[in-house]
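All residue numbers in the sequence shown are consecutive under the working numbering, ending with 263.
Note that CB positions come from ideal geometry on N, CA and C, so glycine has one too.
Bear in mind the structure is a predicted one, so any value in this text is a computation, not a measurement.
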Amino acid sequence: MAEVTYYSKEGLEKLKEELQYLKTEGRAKIAKAIAEARDKGDLSENAEYDAAKEAQGLHEAKIAKLEDSLANARVIDESTLDTSKVLALSIVKLKNIKNGTVMTYQLVSETEADLKAGKISVKSPIAQGLLGKSIGDKAQIQVPAGQVELEILDISR
Numbered sequence: 107m108a109e110v111t112y113y114s115k116e117g118l119e120k121l122k123e124e125l126q127y128l129k130t131e132g133r134a135k136i137a138k139a140i141a142e143a144r145d146k147g148d149l150s151e152n153a154e155y156d157a158a159k160e161a162q163g164l165h166e167a168k169i170a171k172l173e174d175s176l177a178n179a180r181v182i183d184e185s186t187l188d189t190s191k192v193l194a195l196s197i198v199k200l201k202n203i204k205n206g207t208v209m210t211y212q213l214v215s216e217t218e219a220d221l222k223a224g225k226i227s228v229k230s231p232i233a234q235g236l237l238g239k240s241i242g243d244k245a246q247i248q249v250p251a252g253q254v255e256l257e258i259l260d261i262s263r
């Protein structure tokens, strides 16, 4: 059984738009590349044709994965989120105890994650260490660079 993934309304819309693009323009571009490669002659020795067919297979696999994600997607109503503890879609202001750095992250689904925009996946080590915690709680989190201790300063939506 596929895993349910939670999205913001905007994140789900982006996912639908990407799927629509892949099904329409994406498929058309690949079909054109296959047709052009086929026109170049003998298919048994045509590397362009083989590459285009492989690209088509990867493209269809991506479409299938997005369709599966959409089938198991659930939208979270951000207005009903409990801000007393860290949940999916929470915006969390953190302080690194060791160096005093303050940072803010929003916990989002894997497909919405964008570190530059301050959005981290709920499946990341930091998010996993924060889920369920409240303001003032400290979390010891194992990250690739070692152990980090974070204090939760604020939780919002």
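Item                                                                                                             : Value
Using the Cβ count rule (16 or more neighbours within 10 Å means buried), how would you classify Gly-117?        : buried
Should Gly-252 go down as buried or exposed, given a rule of 16 or more other Cβ atoms within 10 Å for buried?   : exposed
List the endpoints of the continuous alpha helix (DSSP H) containing Leu-193.                                    : Looking at the DSSP string, Leu-193 is not in any alpha helix (DSSP H), and its letter there is neither H nor E.
Go ahead and pull the three-state DSSP assignment for Gly-117.                                                   : helix
Residues in its own chain within less than 6 Å of Leu-125 by CB, not counting five upstream and five downstream? : Leu-172
Using the DSSP secondary-structure output, state which residues sit across from Glu-123 in a beta bridge.        : Glu-123 is not bridged to any residue.
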